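> My questions all concern the structure below.
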Amino acid sequence: MNKKIILFFLCGTVTITLLFSQDLKPKKIRAVEFSGLRNVKVRVVKDTLKISKGDLFDRKLIDEDISNIYKLGLFSDVAADVSDFKDGLKITFILQEKLIIKKVEFKGNKEFSNRKLKEEISSKEKEGYDTRKIQDDIGKITTLYKDKGYADVNVGDFSTTDDITGFATVTFAITEGNKILIGDVTIDGVKNFKPKKIKKLFATKRKKVYKGETFRDDIKKVESFYKDRGYLSVKIAAEEITYNETRTKMFIKIKIDEGKKYKNGRVNFSGNTVFSENELLKVFNFKEGEIFNQSQYDGNESNIKSIYGDKGYIRAKFESTLDKNDETGIVNSSFTITENGIIYIDRIYIDGNTKTKEYVIKRELLVKEGDVFAVGRIGRSQERLYNLGFFKDIKVDIEETKEPDKANLAIEVEEDKTGLVSLGAGYSSVDKVVGTVQVTELNLFGRGQKLNLTYEFGARRQNYEIGFTEPYLFGKKLLFGADVFNTTVWRSYGSDSTAYRERRRGGDIRIGKPLSDISAINFTYAYEEVEVFDIDSALTGQIPASKDVSSSLTSAISRDTRDNVFDTTRGSKHSLSVKLAGGPLGGTINFYKPTLTTSKFIPTFWKFVLGFNSRISYVKEFSPSDEVPIYERYFLGGADTVRGYDFGEIGPPEKGKIIFVSNLEYKFPIVAEKGRSILSAAIFADMGGSWRRSNDVSLEIGSEENQLKTGAGFGLRIRPMPVLPIRIDWGYGFNHKPGEQLSQFYFTMGQVF
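Under my numbering, residue 865 is the last one in the sequence shown; the count climbs by one each step, no gaps.
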């Protein structure tokens, strides 16, 4: 029978032989066998196979199986023989085993245990013996010791092999030497700064272990320090390392040549036709006569590249040169720009979206095919996609095309979980123990729609809520949403935490329209039946029982430049809203409630972010109503306003009609994944007041009813999903009345601002 032999080479050593008939149609595999196994068990190889007895012969699958067997790392040669067998075929895998590591041992190690060393290396017992791996392991062990201070450590390979049994024993012989710590770091040549200030830049310090990479980073930090203060010619003139007689201490001596201090001179541009020199100077951080700052100067190219990128000049080239005059101490700067023409978007490719529909992603983009390749708008588009809450990671890339003035925009997304079903219980000082059943889907059927079902139950709170949001009604930039709710809660009055019950049943309809990339207008119509009942007998004179119908329209306009609405690091949000109830809208209560809110986020150093928030609002009744009902007044204090106080504790017992709240929060990430904070910490300070009327407003801080109250504390932010931050805060109130609890713990969901 005519047979064909096919050779495959894997890593230069693997030979694969497939024998099959040209004349026969695909037959069934009647047997799968293995030849050459000594120490490796059959099941280990069998578990890697895609083919099995009874399958039709498939050459590609056999190729893949050969590759998978080789990847086990246990064989130096793999072949497959195909032969006739009964009324089908027999596949025989011909295997040549590598030596198998029977034992890994260490000799001479005192600083680290055998277990620790085994964790560090790649050579493992019952795996294939590989001399290249062993050499890598020697490097890993050496690095481990040097990082602990054993600079003179020596690691050797004394492995033994037995070709008869097919086993190997891997032996690492370690000569540890002495542990060497830094005795001192001496810096000479510092004239224009205090030597202590320069020494503080070093992570390489006395009594620490010397690490070459850390020391090189220290040198770079010193050079950057000087260059940011005008010393452009600074250099480390000499580095000297010596040891004591017993080689247990290392002494590092550094000599710095500071050089001359320079000031900024002129800036010259050439090659620029898109922007004038004055336009470029506006983004160029280089003022004549000021001390030269290298970090600021390096940022100039990025600034200029950014404004060119916004115009579509993504292939523009920039070259800068510095001309130092040692006599005058002036440094002039020259920028040569090669603009290279505008680039347009040819095609937009979306990849990685297994659930989300492509149109849901594309409608968030601020660019389309045929547009100028505007880098700023593409960056903002990326932020908009993150703000959907659907994606863990979003990568934007530029792909070249055959046409010189066009490029493709490639967007690769990694989807996050958007659905949540939760059953749990929580505790708050207001509602005490509350059970929760919640179903949330942020990306319903991959269409970007939101659905929320909530049921809360407890001794002081019962809540049923259903919400739905369609962000693009009929495919247009028009948000539509609706909510239905039925909530019953106990409310406080003064020191009585269960003074009365409040029941709200109804629903709302929401409509929103973007005015620009960063601004929007929203309208919410709400219809509610509100009942105040079960009033404490001691308070019947202060709190009237009521059954009202509230028909209201809230209009809001906002401007939002935050980079990420779930985990903001920069930007701001400002909003103005007015709620009108009654009058032409009907109902039994009549009032209006304007609210102004502003927040700002500023990145400081590393990943620390400082956030500010302020809110001012008041509510006023109008005829025929003669008073604002208690449930429409302001309950100040608690997790979302002034922490360190109980809910509704600040202000008059019957609650205020004017409110001012200000929050300051400083946060930083502890655990992050792909740029998103999973766990972060925050310290905060809050201030606020609530008053009956404008004449009562006081800006003094104190414990009296009309005085502002302050609080401070710290907390954790946990984000199992981007849009579901769990907030744990402890707050201390500084202006309590006698008898009030001084501090509060809060366990809530959502952000303060």
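Using N, Cα and C, we set each Cβ at its ideal position, and we do this for glycine too.
Keep in mind that this is a model prediction, so the values were computed, not measured.
In whole angstroms, what is the alpha-carbon distance linking Phe381 and Phe447?
Walking along the sequence shown from the start, residue 381 turns up at place 269. Walking along the sequence shown from the start, residue 447 turns up at place 335. Distance between the alpha carbons of Phe381 and Phe447: 5 Å.
> From which residue to which residue does the alpha helix (DSSP H) around Ser382 run?
Position 270 of the sequence shown, counted from the first residue, corresponds to residue 382. Careful: Ser382 lies outside any alpha helix (DSSP H), inside the beta strand (DSSP E) at Lys375 to Ser382.
> Do Ile163 and Ile181 have their C-beta atoms closer together than 8 Å?
Your numbering for residue 163 matches position 51 in the sequence shown. Your numbering for residue 181 matches position 69 in the sequence shown. Between Ile163 and Ile181, the C-beta spacing is not below 8 Å.
> If you reduce the DSSP assignment to three classes, tell me which class Asp167 lands in.
Working through the sequence shown from its first residue, we reach residue 167 at position 55. Correct three-state label for Asp167: coil.
> When burial is assigned at 16 or more other CB atoms within 10 Å of the CB, is Pro832 buried or exposed?
Here residue 832 refers to the residue found at position 720 when the sequence shown is read from its first residue. It counts as exposed.
> When you compare the region 713-726 with the region 771-787, are there three or more beta-carbon pairs, one atom per stretch, that lie closer than 8 Å?
Judged by Cβ distances under 8 Å, the region 713-726 makes contact with the region 771-787, as three or more pairs qualify.
> Once the 5 residues before and after Gly618 are set aside, which same chain residues still bring their CB inside 7 Å of it?
As a first step, residue 618 is located in the sequence shown; it is residue number 506 there, counting from the start. The residues are Phe597, Ala638, Tyr639, Glu640 and Glu641.
> In three-state terms, what does DSSP make of Leu854?
As a working note, residue 854 is residue 742 in the sequence shown. The answer is coil: DSSP assigns Leu854 none of H, G, I, E or B.
> Using CA atoms only, rank isn't needed, just tell me which of Phe846, Phe404 and Thr316 is closest to Asp296.
As a working note, residue 296 is residue 184 in the sequence shown. Among Phe846, Phe404 and Thr316, the Cα nearest to that of Asp296 is on Thr316.
> Report the rounded CA-to-CA distance for Val144 versus Thr283, giving the unit in angstroms.
By one-based count along the sequence shown, residue 144 stands at place 32. By one-based count along the sequence shown, residue 283 stands at place 171. Taking the Cα positions, Val144 is about 38 Å away from Thr283.
> Can you tell which of Asn290, Val216, Gly383 and Lys165 has its C-alpha closest to the C-alpha of Phe197?
On the sequence shown, residue 197 is found 85 positions in, with the first residue counted as 1. Comparing Cα positions, the closest option is Lys165.
> Can you tell me the Cβ-Cβ gap for Thr673 and Ser687, rounded? I've got them flagged as a contact below 8 Å.
Taking the first residue of the sequence shown as position 1, residue 673 is located at position 561. Taking the first residue of the sequence shown as position 1, residue 687 is located at position 575. Going by Cβ atoms, the distance from Thr673 to Ser687 rounds to 12 Å, so no, they are not a contact pair.
> Does the separation of the CB atoms of Phe796 and Ala824 fall below 8 Å?
Taking the first residue of the sequence shown as 1, we reach residue 796 at position 684. Taking the first residue of the sequence shown as 1, we reach residue 824 at position 712. Taking 8 Å as the Cβ cut-off, Phe796 and Ala824 qualify as a contacting pair.
> Are Val525 and Ile510 closer than 8 Å when you measure CB to CB?
Your numbering for residue 525 matches position 413 in the sequence shown. Your numbering for residue 510 matches position 398 in the sequence shown. Cβ atoms of Val525 and Ile510: not closer than 8 Å.
> Please go through the region 629-664 and give each complete beta strand (DSSP E) segment of 3 or more residues, from N-terminal end onward.
Runs of the beta strand (DSSP E) inside the region 629-664: 631-645.
> At the level of alpha carbons, what is the spacing between Leu748 and Thr599?
By 1-based counting over the sequence shown, the position of residue 748 is 636. By 1-based counting over the sequence shown, the position of residue 599 is 487. Approximately 20 Å, taken between the alpha carbons.
> Just to confirm before moving on: does the CB-CB distance between Tyr461 and Val484 stay below 8 Å?
What you label residue 461 is simply residue 349 of the sequence shown in a count that begins at 1. What you label residue 484 is simply residue 372 of the sequence shown in a count that begins at 1. Not in contact: Tyr461 and Val484 (Cβ atoms no closer than 8 Å).
> CB Pro764 to CB Arg805, shorter than 8 Å?
The sequence position of residue 764 within the sequence shown is 652, counting from 1. The sequence position of residue 805 within the sequence shown is 693, counting from 1. Against a cut-off of 8 Å, the Cβ pair of Arg805 and Pro764 comes out as no contact.
> Kindly give me the distance between the Cβ atoms of Ile250 and Asp269, rounded to whole angstroms, as I take these residues to be in contact under 8 Å.
The count along the sequence shown starts at 1 and reaches residue 250 at position 138. The count along the sequence shown starts at 1 and reaches residue 269 at position 157. About 6 Å separates the two Cβ atoms, so the contact holds.
> By a C-beta neighbour count over all protein chains shown, 10 Å radius and 16 as the cutoff for buried, is Asn412 buried or exposed?
Position 300 of the sequence shown, counted from the start, is the residue given in the question as residue 412. Classification of Asn412: buried, given that the 10 Å Cβ count is 16 or more.
> Cα separation between Met799 and Gly862?
As a position in the sequence shown, residue 799 is number 687, starting the count at 1. As a position in the sequence shown, residue 862 is number 750, starting the count at 1. In a straight line, the C-alpha of Met799 is about 20 Å away from that of Gly862.
> With a 10 Å radius around its C-beta and 16 neighbouring C-beta atoms as the bar for buried, classify Thr468 as buried or exposed.
The sequence position of residue 468 within the sequence shown is 356, counting from 1. Thr468 is buried by the Cβ-count criterion.
> Taking all protein chains shown into account, decide if Gly845 is buried (16 or more other Cβ within 10 angstroms of its Cβ) or exposed.
For the purposes of this step, residue 845 is taken as the residue at position 733 of the sequence shown. By the 10 Å Cβ count, Gly845 comes out buried.
> When the Cα of Lys214 is compared with those of Gly261, Lys172 and Gly278, which residue comes out closest?
Here residue 214 refers to the residue found at position 102 of the sequence shown. Nearest of Gly261, Lys172 and Gly278 to Lys214, Cα basis: Gly278.
> Which whole-angstrom value describes the C-beta separation of Lys222 and Ile292, a residue pair presumed to lie in contact below a C-beta threshold of 8 Å?
Start at 1 with the first residue of the sequence shown, and residue 222 comes out as number 110. Start at 1 with the first residue of the sequence shown, and residue 292 comes out as number 180. In fact, because the Cβ distance is near 15 Å, the residues do not count as touching under 8 Å.
> May I ask you to report which of helix, strand or coil DSSP gives Asn575?
Position 463 of the sequence shown holds residue 575. Of the three classes helix, strand and coil, the one that applies to Asn575 here is strand, per DSSP.
> Looking at the structure shown, is Thr599 part of a helix, part of a strand, or coil, going by DSSP?
The residue you call residue 599 lines up with position 487 of the sequence shown. Strand at Thr599.
> Alpha carbon to alpha carbon, how far is Ser735 from Leu692? Give it in angstroms, no decimals.
Stepping through the sequence shown from its first residue, residue 692 is reached at position 580. Stepping through the sequence shown from its first residue, residue 735 is reached at position 623. Near 13 Å, if we compare the C-alpha coordinates of Ser735 and Leu692.
> Can you list, in chain order, the stretches of the alpha helix (DSSP H) that have 4 or more residues and sit fully within the region 340-405?
Runs found: 389-395.
> Determine the contact status of Gly843 and Gly756, defining contact as a CB-CB distance below 8 Å.
Translated into the one-based positions of the sequence shown, residue 843 becomes position 731. Translated into the one-based positions of the sequence shown, residue 756 becomes position 644. A contact, by the Cβ cut-off of 8 Å.
> With contact counted as at least three CB pairs below 8 Å, one residue from each stretch, are the region 575-582 and the region 487-502 in contact?
no
> Mind checking which residues open and close the beta strand (DSSP E) that includes Ser195?
Position 83 of the sequence shown, counted from the start, is the residue given in the question as residue 195. From DSSP, the beta strand (DSSP E) with Ser195 extends over Phe187 to Phe197.
> Starting from the C-beta of Thr716, find all residues in its chain whose C-beta is less than 6 Å away, skip the five residues before and the five after it, and write them out in chain order.
As a first step, residue 716 is located in the sequence shown; it is residue number 604 there, counting from the start. Taken in chain order, the residues that qualify are Leu722.
> Just verifying my parser: in three-state terms, what is the DSSP assignment at Lys230?
The residue you call residue 230 lines up with position 118 of the sequence shown. Looking at Lys230 - three-state DSSP - the assignment turns out to be helix.
> Using a 10 Å radius around the Cβ and a threshold of 16 neighbouring Cβ atoms, would you call Leu136 buried or exposed?
Position 24 of the sequence shown, counted from the start, is the residue given in the question as residue 136. Annotation note: pLDDT 48 at Leu136 (below 50); position unreliable, no value reported.
> Find out if the Cβ-Cβ distance for the pair Lys423, Phe404 is shorter than 8 Å.
In the sequence shown, counting from the first residue as 1, residue 423 sits at position 311. In the sequence shown, counting from the first residue as 1, residue 404 sits at position 292. Cβ distance not < 8 Å, so Lys423 and Phe404 don't count as in contact.
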